[in-house]
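In UniProt numbering, the protein residues as written are 1 to 234.
What follows is the structure, given as C-alpha cells:
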C-alpha cells in the first residue's frame, strides 16, 4: 500500500525573476535617493548665496555700500574671489537642483532654473565692470569691457529665466501656491527693474539700487527654497 500522497510544492518561478525584481527595487530606491539629494540642493543654495553676500557686504569696506552697489561688485577689489566662488558654487548647486527637477518630471521648470544656474556660473567667470563709483575712483556709469559685457550677458537672461520659472511652476498646485508664485515673480521683476534703473544712474534710485537688487535676489531664492521644500514633501 502506498502512503498518503504528499502535497505537491509549487515549482520555482521563472529563473532569475526574483533577483530581477530585487535588483529593480534597489535601482529604483537608488534613483529616488539621488533625485532627493539633487532636490535638496535647492534648499541649500539660496541661504548660502544670501548669507555670503550679506557677510561680504558688511565686511567689504573700501567704499562699498550694500545699499548702492550690486552684489556682483563684491567680486571687485580685495577678497573679490569670495564672491566669485559664491557665484560658481551656487551656480553648480542650482544646476544640480534643476537636474533633480528634470528627474522628477518637471521639465520646463528644470530648463528655466538651469538657465539661472548657468547665469550664476557666467557671472562668476566674467567679473562685472565697475559701476556707481565702486571701486573708489571709477566712474559712476558703466564703461563696458568685453568681460563686463559677458557678465551682463549671462546675468540678465538668468534673471528673466528665474522670473519665468516662477510663473510656469505656479500652476497646478492650488491657489495658495499660485498666488505666492505670481506675487513672487511680480515683486522679483519690479525690484530687478528698479535696481537696473539705479545702476543706470537714475538719480532717484542710484543710492538704493543695491537694496532693490538684494530684494530681488532674496525673493527669487526664497521662492526656489519653497519649491524645493514642496517637492521634497510630495
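Glycine included, C-beta positions come from ideal geometry on N, C-alpha and C.
It should be emphasised that the depicted structure is a prediction, and the values quoted were computed from it without experimental measurement.
Cβ separation of residue i and residue j, assumed to be a contact under 8 angstroms, to the nearest whole Å
i	j	result
residue 83	residue 74	4 angstroms
residue 157	residue 115	6 angstroms
residue 97	residue 113	6 angstroms
residue 155	residue 169	Not really, about 21 angstroms apart at Cβ, beyond 8 angstroms.
residue 228	residue 42	3 angstroms
residue 213	residue 195	4 angstroms
residue 167	residue 185	5 angstroms
Environment of residue i [buried if 16+ CB atoms lie within 10 Å]
i	result
residue 100	buried
residue 204	exposed
residue 241	The first residue shown for the chain is 1 and the last is 234, placing residue 241 beyond what the model contains.
residue 37	exposed
residue 189	buried
residue 7	The predicted position of residue 7 is uncertain, since its pLDDT is 45 and thus under 50; a value taken from the coordinates is nonetheless stated next. Residue 7 should be labelled exposed.
residue 33	exposed
residue 39	buried
residue 136	exposed
residue 109	buried
residue 58	exposed
residue 122	buried
residue 67	exposed
Span of the alpha helix (DSSP H) around residue i
i	result
residue 155	146 to 168
residue 218	209 to 233
residue 195	175 to 199
8 angstroms Cβ cutoff, residue i in contact with chain D
i	result
residue 95	In summary, chain D is missing from the structure at hand, where a single protein chain is found.
* Can we say the region 219 to 233 touches the region 53 to 73, given the rule of at least three CB pairs closer than 8 angstroms? -> no
* What are the uninterrupted segments assigned as beta strand (DSSP E) that are 3 or more residues long and contained completely in the region 38 to 115, given in chain order? -> none
* **At least three beta-carbon pairs within less than 8 angstroms, the region 147 to 166 to the region 123 to 134** => yes
* To do: Would you be able to state if there are at least three C-beta pairs under 8 angstroms between the region 44 to 51 and the region 183 to 200?
  => no
* Asked: Counting only runs that start and end within the region 122 to 148, where is the alpha helix (DSSP H) found for 4 or more residues in a row?
  -> none
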